[in-house]
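Inspection log for the structure reproduced underneath, given as structure tokens.
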């Protein structure tokens, strides 16, 4: 089975995440997309990052009606800080019959060369890249790499930061969130302070 790994804090998960994940599941040669919730790094200031459990629960709520999208807490069980290369090795050992690949935005591709052991990732894993609006100079060298697959996906410029800020300001952002996620946030009074 071919699994695309879509990493994020998902703080909160929103319709933009779902549009990208579902597009990858339907239009790339992937059987499933796992939404990998990145845990809170204990060495970093928490700010507005909700507890791991709440963010994972929101991903469950958001994906429960999508057959090809699955929440994953795999990084919760790994030592901190999390490095993608270590997560990939762990997953490959745990699921030897699965073929894993990464899903990332074009903005992350530009900084891939700064990731720990990025050469190993590029050597062993396919990377599916969705477009982002950006004014930065593109890394053409990586774009032409045989393991990089540029996917013509919708450009979605919704950010979790925008959602959190608007909730704090008392704005109605319901259309940007799956209904069950909005209800969960509203019920728990998240992001209001």
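Numbering (the working numbering), first residue to last: 130 to 322. A virtual CB, placed ideally from N, CA and C, is assigned to each residue, including glycine. This one's a predicted model, so the numbers in the text were calculated from it and none came from an experiment.
Check, Outcome
"Please report the distance separating the alpha-carbon of residue 322 from that of residue 297.", "6 Å"
"Suppose only complete runs of 3+ residues qualify. What are the beta strand (DSSP E) ranges in the segment 144 to 231, listed by chain order?", "161 to 166, 198 to 201"
"Note the first and the last residue of the continuous alpha helix (DSSP H) segment covering residue 309.", "308 to 317"
"For residue 133, list the residues DSSP reports as bridge partners.", "162, 230"
"Mapping DSSP to helix, strand and coil, what is residue 287?", "coil"
"Rounded to whole angstroms, what's the CA-CA distance from residue 199 to residue 167? Just pull it up for me.", "14 Å"
"Does the distance from the CB of residue 230 to the CB of residue 259 come in under 8 Å?", "no"
"Candidates 189, 130, 191, 140: which alpha carbon is nearest residue 176's?", "140"
"Would you give the residue range spanned by the alpha helix (DSSP H) that residue 238 belongs to?", "235 to 238"
"So who's on the other strand from residue 279, going by DSSP bridges?", "258"
"Looking at residue 239: is its Cβ nearer than 8 Å to the Cβ of residue 212?", "no"
"With 16 as the cutoff for other CB atoms within 10 Å, does residue 289 come out buried or exposed?", "buried"
"Look up residue 242 in the DSSP assignment and say whether it is helix, strand or coil.", "helix"
"Nearest-angstrom Cα distance between residue 310 and residue 304?", "11 Å"
"Would you report the Cα separation of residue 165 and residue 247, rounded to the nearest angstrom?", "19 Å"
"Considering only C-alpha positions, which residue in the set 314, 224, 308 is nearest to residue 299?", "314"
"In angstroms, rounded to a whole number, what distance separates the CA positions of residue 143 and residue 306?", "5 Å"
"Would you tell me roughly how many angstroms separate the C-alpha atoms of residue 218 and residue 241, rounded to the nearest one?", "17 Å"
"Classify residue 264 as helix, strand or coil using the three-state DSSP reduction.", "Legend: pLDDT at residue 264 = 48, less than 50; position of this residue unreliable, value from coordinates given subsequently. Residue 264 falls in the coil class under three-state DSSP."
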